[in-house]
Structure formats: structure tokens, C-alpha cells
Amino acid sequence: MAVIPSLHFRNFQEINWSFHATTCAAQKLPENVHEILTEAALREAYCIHTYDIPAALRINTDQTQTIYQQGTNATWNQKGDCQLLPWEPSISASGELLPFQAIYQGATPASCPNHESPFYNEAQRLGFRDKYWSTMAIMKSLVNEIIAPYFAHKKDELEIEDLDNQFSIWKIDCWSVHKSKEFLSWMETTHPKIIIIFVLGNCMYACS
Numbered sequence: 002m003a004v005i006p007s008l009h010f011r012n013f014q015e016i017n018w019s020f021h022a023t024t025c026a027a028q029k030l031p032e033n034v035h036e037i038l039t040e041a042a043l044r045e046a047y048c049i050h051t052y053d054i055p056a057a058l059r060i061n062t063d064q065t066q067t068i069y070q071q072g073t074n075a076t077w078n079q080k081g082d083c084q085l086l087p088w089e090p091s092i093s094a095s096g097e098l099l100p101f102q103a104i105y106q107g108a109t110p111a112s113c114p115n116h117e118s119p120f121y122n123e124a125q126r127l128g129f130r131d132k133y134w135s136t137m138a139i140m141k142s143l144v145n146e147i148i149a150p151y152f153a154h155k156k157d158e159l160e161i162e163d164l165d166n167q168f169s170i171w172k173i174d175c176w177s178v179h180k181s182k183e184f185l186s187w188m189e190t191t192h193p194k195i196i197i198i199f200v201l202g203n204c205m206y207a208c209s
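In case it helps, my numbering puts the sequence shown at residues 2 to 209.
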């Protein structure tokens, strides 16, 4: 690790900068993790068997964070800044990678396009937010623009006869917005043939 002269260190403090280093969030598994994951696997197997759901119609989405970095494990930046870019990558059980959703924070004018930019309205439509994690609007966008169209395309590709009654499975982690009554009610009303299966918090890697 590079040694920073005390004079430079004081300069960083004066401009309200702080030392930022990559971290790994602590994830503590529950004591009965094997029992929980077994029950989850059995439930998924039941849905697959009962509703005859092929691998191509089973998706796993896991919100993850990508670190903004300049080639090292540490940097200096404004105090309170979060150097993270959340992604929503999705992959089917048949091994097909779906387009990912990237969630950018647009909290200041400097981080957003100029109002006079010819693509400003398009940027607004895509949804720059003051939060860098999933919200209700962002989740709706993910489902309507990526998840549901993929399922519809695959049903046609698989030549499924009864398209309207073919179920699909979408496995996601249990973030608060994912398990909220508002989101689940919207899914049940708008996409009733998508079965949501939750993965217990901090267990996404354990069940994979």
C-alpha cells in the first residue's frame, strides 16, 4: 500500500475527502440453512413438475454491486460517496444470459445529461434516480422490459401450444421491494403466470 505524506493527507481532509477501500459485506447464514434451502428446492421442484416448466422458462435474478474503481483496491473521494453500481443480472436454467439492468444514481446535475441535450428526454425515460438500488418503478421496468418479454419469446420459440396458461418461474432474493405487498400484488395482477420464488437473504450463493 502506498504511503501518503502527512501534508497531502491534511489537504484531502480540508477538501472533505476520505479514504475509500473495497469491502466485502458480512453475510451470516442461518443455523438451519440446509433445511431452508432443501424446502426451497422441493417447492421449486414441485412447481416445475406440476406446471411442466422447462429450463428455458426458469430465471434467476440476483442484484449485485459492481465497484467503481481505478485499477487499485482503494481511492480518495468525497465523504459519504458510494462508489457502487448495482446490476440486476439474470440467467435462465438453460444457461441463457438475459440483458442486465444497471441502476445508476443521478443525484446531482453533474451526473445527469444537460437539459438541452437531444437525448435528455430519453435519459429521463430510462429513469435516473436519486437512489442506487431497486425501487418499485425500477422493478416494474425490469419485469416489463426484460423478464416478461424473454418469457414470451421463449414460449414462442419452444412452440408451446397453450401460451396463455404456461407458467414460468422467476427466482429472486428477498429485498424489501421484492417482497413488498405492492410489488407482489402488481405481479399477480399484471403477470399472473410468473411464479416468484424467493431465496432467503444472504443465501443466494449457498443455494447455487
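All C-beta atoms in this analysis are idealised placements derived from N, C-alpha and C, irrespective of residue type, glycine included. It should be emphasised that the depicted structure is a prediction, and the values quoted were computed from it without experimental measurement.
Spanning the alpha carbons of P193 and P90 requires a straight line of approximately 22 Å. V34: not part of any beta strand (DSSP E); member of the alpha helix (DSSP H) spanning 34 to 52, first to last residue.
Apart from the 5 residues on each side of it in sequence, Q167 sits with its Cβ closer than 6 Å to the Cβ of K156, I161 in its chain, given in chain order. For F199, the uninterrupted beta strand (DSSP E) segment begins and ends at 195 to 200. A check of alpha carbon separations from F152 across V178, K180, P100, L201 identifies P100 as the nearest.
Distance from the Cα of R59 is smallest, within the candidate group L30, K29, E97, E32, for E97.
Annotation: Y52 to H116 spans about 49 Å, alpha carbon to alpha carbon. Here L164 carries a helix assignment [DSSP, helix/strand/coil]. Annotation: W187 to S177 spans about 15 Å, alpha carbon to alpha carbon. In the three-state reduction of the DSSP assignment, S91 falls in the strand class. The residues T62, H179, in chain order, have a CB closer than 6 Å to that of I173 in the same chain once the five nearest residues on each side in sequence are set aside.
Judged by their CB atoms, M140 and F199 are not nearer to each other than the 7 Å cut-off.
S95 counts as exposed, since fewer than 16 other beta carbons sit within 10 angstroms of its beta carbon. Residue pairing from DSSP places N61 in a beta bridge opposite I92, K172. Spatial neighbours of E158 in its own chain (CB-CB distance under 8 Å, excluding positions within 5 residues in sequence) are listed in chain order as A57.
Rounded to the nearest angstrom, the gap between the Cα atoms of L164 and E32 is 42 Å.
Within the same chain, and ignoring the five residues on either side of E45 in sequence, the residues whose Cβ sits closer than 6 Å to its Cβ are I198. Around the beta carbon of S118, fewer than 16 other beta carbons lie within 10 angstroms, which makes this residue exposed.
A distance below 7 Å separates the beta carbons of I196 and I170. Remark: C-beta atoms of Q102 and L143 approach each other more closely than 7 Å.
According to the DSSP secondary-structure assignment, L159 is paired through a beta bridge with no residue.
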